[in-house]
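Undergrad: Just so you know, the working numbering puts the end of the sequence shown at 879, numbered straight through with nothing missing.
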Amino acid sequence: MYALMHLGRVLDDKAPNYLKQAIGWSYHAPCAGHDGIQLALGLTFRAGQDYLFPYYRDLATCLAAGLTPLEIILNGISKAADTASGGRHMSNHFAKPEIGIQNVSSLTGNHTQHAVGLARAVKYYKSDAIVFSSQGESSLSEGYCYESINGADREKLPVIFVVQDNGYGISVPKRDQTANECAGDNFTGFQNLKIIRADGLDVMDSMRAMQQAKDYVWTGAGPAMVYATCVRIGAHSNSDKHEWYRDAQELAAAKAADPLPRFRAFCLENGLDEAELKAIEGANLTTYNEASDTAIKSADPKPTSIFDFVIPDPWVSDKFPDGTHHESGEAISLIQALNQTL
């Protein structure tokens, strides 16, 4: 677990350097400060069985869920071998559909709807899969999320909403954009939704919360929300200067709450020694350097691939090969047809 957390931080810290060198990774939202809950979420996800809809800050989540460092860098610098989109999607949109890590929209909170739609299919086909929708607390102010959580509650769908609360929606503090200090409290009236709070800085407490959520969803009683308190150690993204709206005292407090040294100390207290941790850290740097070298040498997307997946591939229905199935009767206008249908 420490190896994954540390490797995630190495990737997170190195990501901005690619833009500085004009290599790529034009958008990066750092995950530092979210490490505890992201490690727990990624380890709870079962690759090839469950479905994960990550958000743009979920680098450590996706690493723990099964993406390799190479695959993460290929996405960041938009290479043809990127498992999300062949280098055609925005960076930090990590995905690998063949293991269940889904490709998501860039609209804040929009993937919540997709997660709930998939959870409906999971329930219909009586699968034991769980769908995970990961997001920041500010997404809960979006209509997408309310519609999704409301629908999941009503239909008792097997979905876990993992909310990572770092106190900010870009530069807007939480107090200015949601009704409750804990944005999850906005949903306490939903009778089938189980809301579980977690210390997102603490790996073990985050694991406890994820397991509770999983156990609840598997009962069929309804969806769950894991509401994890985090800190945002860095800026919102590499296009943000958080020093303009966060004072030195707040920045120092965020850095002091860093989950990585906290978990490192936990490991030392529970059986690992300094030499073992340093060996892990050294191995992670080697892994990163090798992955980075390979990614940089990888092929760029072909210019013609810009048209891939823009429109559906041609397809002919077996049942209605001509595209129609009812041509008899009086011809009517589109408005009349809509009115009759409704």
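By construction, the Cβ of each residue, glycine as well, lies at the ideal position given by its N, Cα and C atoms. Note that the structure is predicted; figures quoted are calculated from it, not measured.
Go to R799, then tell me how far its beta strand (DSSP E) extends in each direction, as first and last residue.
TA: R799 -> not in any beta strand (DSSP E); alpha helix (DSSP H) instead, spanning 796-806.
Undergrad: Given that a residue counts as buried once 16 or more other Cβ atoms are within 10 Å of its Cβ, and exposed if not, what is L694?
TA: buried
Undergrad: Could you tell me the distance, in whole angstroms, from the CA atom of T831 to the CA atom of L607?
TA: 7 Å
Undergrad: Please list the segments of the alpha helix (DSSP H) lying wholly inside the segment 809-859, counting only runs of 4 or more residues, in order along the chain.
TA: 811-834
Undergrad: Would you check if there are 3 or more beta carbon pairs closer than 8 Å linking the segment 577-585 to the segment 620-631?
TA: no
Undergrad: Going by C-alpha distance, which of K778, G759, S642, W562 is nearest N612?
TA: For the residues K778, G759, S642, W562, the minimum Cα distance to N612 belongs to W562.
Undergrad: If you draw a straight line from the C-alpha of D722 to the C-alpha of L871, how long is it?
TA: Distance between D722 and L871, taken at the CA atoms: about 45 Å.
Undergrad: Counting along the chain, where does the beta strand (DSSP E) carrying V700 start and finish?
TA: 696-702
Undergrad: Hey, would you say V699 sits closer than 8 Å to A720, going by beta carbons?
TA: no
Undergrad: Here's a check: name, in chain order, each residue in its chain whose Cβ is nearer than 7 Å to the Cβ of I636, leaving out the five neighbours to either side.
TA: A584, G585, G603
Undergrad: What ranges does the beta strand (DSSP E) occupy inside the segment 644-685, keeping only unbroken runs of at least 3 residues that lie completely in it?
TA: 668-673
Undergrad: Straight-line CA distance for A765 to L541?
TA: 19 Å
Undergrad: Taking the straight line between their C-alpha atoms, what separation do you get for S708 and G570?
TA: 16 Å
Undergrad: Using beta-carbon positions only, say whether V763 and I686 come within less than 8 Å of one another.
TA: No, the Cβ-Cβ distance between V763 and I686 is not below 8 Å.
Undergrad: Taking the beta carbon of N717 as the centre, do at least 16 other beta carbons fall within 10 Å, making it buried, or is it exposed?
TA: exposed
Undergrad: So Y825 packs on V547, CB below 8 Å; how close in whole Å?
TA: 5 Å
Undergrad: Is the number of C-beta pairs between the segment 736-743 and the segment 782-790 that are closer than 8 Å three or more?
TA: no
Undergrad: So, helix, strand or coil for I610, using DSSP?
TA: helix
Undergrad: Evaluate A789 with the Cβ neighbour count: other Cβ atoms within 10 Å of its Cβ, from every protein chain shown; 16 or more gives buried, anything less gives exposed.
TA: exposed
Undergrad: Taking C-alpha atoms, which residue in L822, G624, P796 lies nearest to D742?
TA: P796
Undergrad: Considering Cα atoms alone, identify which of N821, P760, P858, A794 is closest to V659.
TA: P760
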